[in-house]
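Right, one structure below, let's go through it.
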Amino acid sequence: NGQYEKAIEKIQAAAKEADNPDDIKNSIGNLVLLDHNTNRSYGNDLFCTKRRKIIEKMENGVYIPTGTQYVFFKLFDVSGTNRSQWSTNDIQTYHSFVYNELKDYLLEPKATAESNLEGEAANE
């Protein structure tokens, strides 16, 4: 219903959680790992509500992956921003955190990549 959507937009704006463009919302900096039931349980709730629900799930013995805990506890955020809000800056900071954690595993050194190509050409 239109009034509901308008009310949600006003609440998000007041909480400084206005909608980000899809490319930011769907980036790794705005995604977490959760089981299906937990993920479905909070939909488009505000970050502070999601955070509370995640803490409740943990208290009730639901497994929450460590990286997801980092997001909701904002442990990656060394600047100490507001723990109850999720901003574009948080998304970008978390994206950098994930990238820095994974880059050594995902990026193949150039020399290795080149030697693999040369090896494949020699095998033909």
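Quick note on my numbering: the sequence shown kicks off at 1 and runs consecutively. Here a beta-carbon is modelled for each residue, glycine too, at the ideal position from N, C-alpha and C.
Asked                                                                                                     : Found
Straight-line Cα distance separating Asn30 from Ile24                                                     : 7 Å
Classification of Leu209 by the beta-carbon crowding that lies within 10 angstroms, buried from 16 upward : What is shown of the chain runs 1 to 124, which leaves residue 209 out entirely.
Nearest residue (CA-CA) to Pro21, options Ser87, Tyr42, Ile54, Leu102                                     : Ser87
Distance between Asn39 and Thr93 (C-alpha atoms, nearest Å)                                               : 22 Å
Cβ contact check for the stretch 44-57 and the stretch 68-76: 3 or more pairs under 8 Å                   : yes
Cutoff 8 Å; reference Ile8; Cβ partners in own chain excluding five residues on either side               : Asn44
N- and C-terminal bounds of the alpha helix (DSSP H) containing Trp71                                     : Reading off the sequence shown, one finds Val at residue 71, where the question assumed Trp. Residues 66-73.
Closest Cα partner of Phe97 within the set Gln12, Ala14, Gly80, Ile28                                     : Ile28
Three-state class that DSSP yields for Ala15 in the structure shown                                       : coil
Three-way DSSP call (helix, strand, coil) for Val78 in this model                                         : coil
Three-state secondary structure assigned by DSSP to Val62                                                 : coil
Of the listed residues Ile55, Gln12, Ile91, nearest to Leu46 (C-alpha basis)                              : Gln12
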